[in-house]
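Chains as they are written, first to last, in this note's numbering: chain A, 16 to 223; chain B, 16 to 223.
Cβ coordinates follow ideal geometry from the N, Cα and C atoms, glycine included.
Treat the numbers as computed from the prediction; the structure is a model and nothing was measured.
Worksheet: the structure to be examined is printed underneath.
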DNA sequence: AGCTGTGAACGCATTCACAGCG
DNA sequence: CGCTGTGAATGCGTTCACAGCT
């Protein structure tokens, strides 16, 4: 293992490795070569080996990787040994879908609070979570610290909501609103944006 | 304008420019500098100018860009002058949220068909679309050609559904299932995957 | 022989510095 | 003087070729 700068792209691939390994562990497999993994993921074997090599020498030459061990390694690298608390702002369609998603494949991400501005849903219960008024986001005191905020509110409200979430101590945000958030740079932001993905998709579809 | 290879990353930014310009046009603005645009989007002015320069000389030196004209140019580059027909496979939570999203900001993407395997929803009507049985996907004949498929079904079914969609003539697919699709390489695929985004997010959150 | 680990080469994308024009 | 357009330089990520174990 080297003390190098690790490419962001490498980090983005780790969760793919992680999920695939998880499935294979469940299936009871116990050794895996980079070539094999590459077939499952559509990522070149050399790429996989280089990615892993940033973090250590996990494989054995001539053999491959011990599946379970590699899984544990990646779990530890990604900080997925512990669980993470998530708050969701906005529980109309998308927000609700996310709650379902995270609730269903309980993958170390726990929804601990949910907010909405619509009076009709405030106070109701979705997947065991009582929806709070979005206006209370500033004041509310969570029993547990919130690590990550997910923004699924109207674009015009996204920036303010993001600031509130940061005030409440979140370290990362997933933003489904097509809005630039102006946050301190130590806050990690993931932008998820279907319409803009569709935009570049049709560029390529049209140019053939 | 040059006959060069255009970076994929450039294409991915165009929809961001497009949406921002759209908003500004609505506000009645008429001239825009790259620096100004950069403040809205968090993208460096030189980056914006280089991106645009791949497609032509849209600005005037000393002045900036004619907002409306630039908007039209990008619209044309992205093939957003025409509208695009979309079919959705899977209308439980995520699928439904997508229908709402595209229906709401009617942005040239029309949902023309929707499928689900759940008998309880087949035949029902969501946002004016009658849900068809997913098993009929192969046989069904759409009145209009389908350009893009959105996959929001169970991961284990995703590959088969994708193949059916391609048989029906879609040129591009947005896949919300964490599954590698094995499709002919002329089919453009966008992978959307919240759990894996959360995965790399916590890597960075944990390493501070 | 088979598969991993890695420096070196390559290719792609961003940034810089400045020329070109209004 | 201000802002765009662009070749050249830099930086980042992927691929290659092969050394190193088993």
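What's the gap between the Cα of residue i and the Cα of residue j?
| i | j | result |
| --- | --- | --- |
| residue 204 (chain A) | residue 213 (chain B) | 10 Å |
| residue 227 (chain B) | residue 184 (chain B) | For chain B, the structure presents residues 16 to 223; residue 227 (chain B) sits outside this window and is missing. |
| residue 140 (chain B) | residue 132 (chain B) | 15 Å |
| residue 110 (chain B) | residue 74 (chain B) | 40 Å |
| residue 40 (chain B) | residue 34 (chain B) | 10 Å |
| residue 77 (chain A) | residue 104 (chain B) | 43 Å |
| residue 199 (chain B) | residue 178 (chain B) | 10 Å |
| residue 190 (chain A) | residue 207 (chain A) | 6 Å |
| residue 121 (chain B) | residue 157 (chain B) | 21 Å |
| residue 153 (chain B) | residue 145 (chain B) | 17 Å |
| residue 159 (chain B) | residue 54 (chain A) | 36 Å |
| residue 114 (chain A) | residue 114 (chain B) | 17 Å |
| residue 222 (chain B) | residue 197 (chain A) | 22 Å |
| residue 58 (chain A) | residue 151 (chain A) | 45 Å |
| residue 21 (chain B) | residue 32 (chain A) | 30 Å |
| residue 175 (chain A) | residue 155 (chain A) | 16 Å |
| residue 123 (chain B) | residue 119 (chain A) | 33 Å |
| residue 52 (chain B) | residue 95 (chain A) | 38 Å |
| residue 23 (chain A) | residue 215 (chain B) | 9 Å |
| residue 230 (chain A) | residue 19 (chain A) | Because chain A spans 16 through 223 in this model, residue 230 (chain A) falls outside it and cannot be assessed. |
| residue 220 (chain B) | residue 134 (chain B) | 42 Å |
Starting from the C-beta of residue i, find all residues in its chain whose C-beta is less than 6 Å away, skip the five residues before and the five after it, and write them out in chain order.
| i | result |
| --- | --- |
| residue 192 (chain A) | 166, 170, 173 |
| residue 49 (chain B) | 60, 63, 64 |
| residue 72 (chain B) | none |
| residue 148 (chain B) | 137 |
Suppose contacts are defined by Cβ-Cβ distances below 8 Å. Is residue i in contact with residue j by that definition?
| i | j | result |
| --- | --- | --- |
| residue 89 (chain B) | residue 127 (chain B) | no |
| residue 36 (chain A) | residue 86 (chain A) | yes |
| residue 93 (chain B) | residue 217 (chain A) | yes |
| residue 195 (chain A) | residue 56 (chain B) | yes |
| residue 163 (chain A) | residue 187 (chain A) | yes |
| residue 161 (chain A) | residue 181 (chain A) | no |
| residue 108 (chain A) | residue 112 (chain B) | yes |
| residue 98 (chain A) | residue 125 (chain A) | yes |
Would you mind sorting residue i into buried or exposed? The rule is 16 or more other CB atoms within 10 Å of its CB.
| i | result |
| --- | --- |
| residue 42 (chain B) | exposed |
| residue 66 (chain A) | buried |
| residue 84 (chain B) | exposed |
| residue 28 (chain A) | buried |
| residue 143 (chain B) | exposed |
| residue 16 (chain B) | Reliability fails at residue 16 (chain B), whose pLDDT of 42 lies under 50, so the model's placement of it is uncertain and the value that follows must be treated cautiously. The residue is exposed, with fewer than 16 neighbouring Cβ atoms inside 10 Å. |
For residue i, which beta-bridge partners are listed by DSSP?
| i | result |
| --- | --- |
| residue 166 (chain A) | A:104, A:190 |
| residue 128 (chain A) | A:102 |
| residue 140 (chain A) | A:145 |
| residue 46 (chain B) | B:81 |
| residue 203 (chain A) | A:187 |
| residue 75 (chain A) | A:79 |
Keeping to the same chain, check which residues put their C-beta closer than 7 Å to that of residue i; ignore five residues upstream and five downstream.
| i | result |
| --- | --- |
| residue 25 (chain B) | 66, 69 |
| residue 30 (chain A) | 93 |
| residue 82 (chain B) | 36, 39, 40, 44, 45, 46, 47 |
Leaving out five residues on either side along the sequence, give the residues of the same chain with a beta carbon under 8 Å from the beta carbon of residue i.
| i | result |
| --- | --- |
| residue 106 (chain A) | 114, 129, 130, 131, 136, 141, 146, 167 |
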